[in-house]
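Here's the structure we're looking at; comments come further down.
2 protein chains.
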Amino acid sequence: MDLLLLSNSVLPGTNYLEYALPVLKAQLRTRRKVIFIPFAGVTQSWDAYTDKVRLALAELSLQITGIHQMDDARAAIDSADIVMVGGGNTFSLLKHCRDYGLIDPIREAVKKGALYVGWSAGANLACPTIRTTNDMPIIDPEGLDALNLVPLQINPHFTHALPTGHQGETREQRIRELLVLEPQLEVIGLPEGNWISVQNGKARLGGSKPAWLFKANEPAIELAADHHFY
Amino acid sequence: MDLLLLSNSVLPGTNYLEYALPVLKAQLRTRRKVIFIPFAGVTQSWDAYTDKVRLALAELSLQITGIHQMDDARAAIDSADIVMVGGGNTFSLLKHCRDYGLIDPIREAVKKGALYVGWSAGANLACPTIRTTNDMPIIDPEGLDALNLVPLQINPHFTHALPTGHQGETREQRIRELLVLEPQLEVIGLPEGNWISVQNGKARLGGSKPAWLFKANEPAIELAADHHFY
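Protein chains in written order, with the UniProt record's numbering: chain A, 1 to 230; chain B, 1 to 230.
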């Protein structure tokens with residue numbers, strides 16, 4: 001399988017998805033036909049979101065169509081070279097993927113060779129569950145199980161920082177709560193600007209910031225650049 | 001109905017629940033028999049959590065028992081003067097309240113005159129739903145509907161701040177996503193150290209920091225100290 005799972009969409013001082021361009025380009029091969037899934041977008045229309053991504057990726061000469069614009073969404077996934085899933089609200093994303101009946105078709109398409117590209121909520125969706133999302137549960141996704149395309153549980157936008165004086169839980173504390181309930185899990189704190197690339201059965205960490213691996217009853221493990229997960 | 005809904009448990013430089021002591025004392029009247037619900041606690045045992053609260057509130061001479069220590073949890077709620085619900089993970093809290101069959105009994109007890117005291121996740125639980133929680137969905141609560149004791153949807157630990165450079169959504173952006181889906185809702189951003197007190201059918205804002213009211217398609221409204229919600 002072939003996946004590119006990005007922590008987020010934009011870095012300070014750069015354009016939307018700009019940091020992802022060379023990474024995505026390196027993993028494209030001859031694939032150009034993209035189905036974009038904008039369901040995580042809530043405060044922008046799905047049309048506008050699709051246009052934004054089309055503009056951001058213009059230099060890659062992709063043919064990008066929004067899934068919501070297709071008469072037969074499942075067939076569209078089946079014939080896509082690339083399934084691209086944008087960030088936003090993970091609960092909204094999963095709920096609409098379920099309602100459109102896309103969970104199995106996406107999984108099958110990626111297993112057959114389509115490239116899966118997701119950022120933020122889109123990276124969460126590729127995991128076994130969305131239980132490591134940072135988003136607000138604005139809609140009931142009717143179960144937290146997701147695509148399960150990788151045996152990794154990613155926390156996107158990972159940071160150790162809190163606003164000064166804030167007493168709410170740190171991100172690590174939230175992840176540790178999950179590890180109490182599911183001590184067999186390994187959660188990857190993926191900082192903004194980093195990604196995980198899966199190619200030829202191997203998963204590799206990309207990006208320049210330290211990423212973190214959280215396991216139950218162990219201190220956080222800092223992952224070296226180019227760390228191989230499997 | 002009589003409720004005290006606190007944004008959080010602790011302020012910088014003070015002890016656990018210290019800031020809540022005078023507020024809680026003012027609303028106690030003759031009530032002393034407390035059932036404490038520690039289900040939001042995940043990284044501490046429910047026994048330890050109950051002990052911590054007992055110690056923090058010692059000067060109020062309350063009789064505090066953890067709901068998990070009772071043979072008949074529903075009967076315990078029914079005979080409590082005060083139902084107290086601690087913070088932690090809101091998904092865990094709601095899930096266990098459902099599993100213990102406590103949603104209706106708590107609602108009935110409060111309608112009959114028991115004082116409901118909740119902080120953070122415990123304040124969220126009193127709302128119509130938990131859709132304004134900040135917590136990670138570490139467990140499926142099997143529906144987001146909650147106690148619906150107040151016609152307010154509280155976001156506890158509210159802040160406009162993000163860590164420097166962080167590209168993830170602001171709290172207001174997350175709340176605005178919910179308002180796109182549910183434009184009839186009014187969401188209250190309750191900063192740490194503030195509370196909402198409901199007495200004699202009236203709900204009043206307490207605390208010294210500005211709180212915020214978010215409505216669909218309107219700029220955020222700053223609420224004055226002592227604002228009356230209804």
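Glycine included, each C-beta is placed from N, C-alpha and C at the ideal position.
With 9 Å as the threshold, decide whether the Cβ of B/Asp99 is near any Cβ in chain A.
No, because no Cβ of chain A sits closer than 9 Å to the Cβ of B/Asp99.
Is B/Phe229 helix, strand or coil by DSSP?
Coil.
Starting from the Cα of A/Gln151, find the closest Cα among A/Lys111, A/Gly206 and A/Thr129 and give me that residue.
Inspection of the sequence shows that residue 151 of chain A is occupied by Pro rather than by Gln. Selected option, being the one with the closest Cα: A/Thr129.
By the 8 Å beta-carbon criterion, what residues does the region 131–144 of chain B contribute toward chain A?
Of all residues in the region 131–144 of chain B, Arg131, Thr132, Thr133, Asn134, Asp135, Met136, Pro137, Ile138, Ile139, Asp140, Gly143 and Leu144 have a Cβ within less than 8 Å of some Cβ in chain A.
Any residues in the region 157–175 of chain B with a beta carbon nearer than 8 Å to a beta carbon of chain A? Which ones, in chain order?
Residues His157, Thr159, Ala161, Leu162, Pro163, Thr164, Gly165, His166, Gln167, Gly168, Glu169, Gln173, Arg174 and Ile175.
Could you tell me which residues DSSP puts in a beta bridge with B/Gln153?
B/Val187, per the DSSP bridge assignment.
Rounded to a whole number of angstroms, what is the C-alpha to C-alpha distance between A/Ala123 and B/Leu147?
Whole-angstrom Cα-Cα distance: 33 Å.
Three-state secondary structure (DSSP) at A/Gly87?
If DSSP states are grouped into helix, strand and coil, A/Gly87 belongs with coil.
Whole angstroms is fine: what's the gap from B/Thr170's alpha carbon to A/His68's?
Cα-Cα distance, rounded: 27 Å.
Against chain A, does B/Gly88 count as a neighbour if the rule is that its beta carbon must be under 9 Å from one of theirs?
B/Gly88 counts as touching chain A.
B/Pro12 versus chain A: which residues are under 8 Å apart at the beta carbon?
Within 8 Å Cβ-Cβ: Gly165 and Gln167.
What's the gap between the Cα of A/Asn155 and the Cα of A/Lys52?
Roughly 24 Å separates the two Cα atoms.
Count the other CB atoms, across all protein chains shown, that sit within 10 Å of the CB of A/Ser120; report buried if there are 16 or more and exposed otherwise.
Flag for A/Ser120 reads buried.
In three-state DSSP terms, what is B/Gln44?
Coil, per DSSP.
Spell out whether any CB of chain B is found under 9 Å from the CB atom of A/Leu181.
Yes, because at least one Cβ of chain B sits closer than 9 Å to the Cβ of A/Leu181.
Using DSSP with H/G/I as helix, E/B as strand and the rest coil, what is residue 247 of chain B?
Because residue 247 of chain B is not part of the residues shown, which for chain B are 1 to 230, the question remains open.
Once you ignore the five residues that flank B/Asp145 on each side, which residues in its own chain have a CB closer than 6 Å to its CB?
Within the same chain, B/Asp145 has close Cβ partners Thr129.
If contacts are defined as beta-carbon pairs under 8 Å, then A/Phe229 and A/Leu179 qualify, I think. What distance do you get, rounded to the angstrom?
Actually they are not in contact, since the Cβ atoms of A/Phe229 and A/Leu179 sit about 17 Å apart, beyond 8 Å.
Note down, in chain order, all residues in the region 35–64 of chain A with a beta-carbon under 9 Å from any beta-carbon belonging to chain B.
Hits within the stretch, in order: Val42 and Thr43.
Using beta-carbon positions only, say whether A/Arg131 and A/Asp81 come within less than 9 Å of one another.
No, Cβ-Cβ distance for A/Arg131 and A/Asp81 is not below 9 Å.
Leaving out five residues on either side along the sequence, give the residues of the same chain with a beta carbon under 6 Å from the beta carbon of B/Phe36.
Same-chain partners within the cutoff: Thr50, Val53, Ile64, Gly66 and Met84.
Between B/Leu178 and chain A, is there a C-beta pair that is closer than 9 Å?
By this cut-off, B/Leu178 is an interface position.
B/Leu17 to B/Gln27, Cα distance in whole Å?
Cα-Cα distance, rounded: 15 Å.
At least one CB of chain A closer than 9 Å to the CB of B/Glu192: is that the case?
Closer than 9 Å: yes.
Given a cut-off of 9 Å, decide if A/Glu192 and A/Ser61 are closer than it, judged by their beta-carbon atoms.
No. Outside cutoff.
For A/Met70, is the beta carbon positioned less than 8 Å from some heavy atom of the ligand SAM?
Although the ligand SAM was asked about, the structure shown includes no ligands whatsoever.
Closer than 9 Å by beta-carbon distance: list the chain B residues that pair up with A/Asn8, in chain order.
Under the 9 Å cutoff, chain B gives Gln167 and Gly168.
Under a three-way DSSP split, which group does B/Glu108 fall into?
B/Glu108 falls in the helix class under three-state DSSP.
If you follow the alpha helix (DSSP H) that A/Gly122 is part of, which residue opens it and which one closes it?
That run of the alpha helix (DSSP H) goes Ala121 to Leu125.
Give every residue of the same chain whose Cβ lies closer than 6 Å to the Cβ of B/Thr133, excluding the five residues on either side of it in the sequence, and list them in chain order.
Within the same chain, B/Thr133 has close Cβ partners Thr90 and Asn124.
Might you give, ordered along the chain, the residues of its own chain that have their beta carbon closer than 7 Å to the beta carbon of A/Met1, omitting 5 neighbours on each side?
Val110, Lys111, Leu149 and Val198, listed in sequence order.
Helix, strand or coil for A/Leu5? Go by DSSP, reduced to three states.
Residue state, collapsed to three classes: strand.
Let me check understanding here. Comparing Cα to Cα, which of A/Gly41, A/Asn15, A/Leu24 and A/Thr43 lies closest to A/Val34?
Taking only the C-alpha atoms, the option nearest A/Val34 is A/Leu24.
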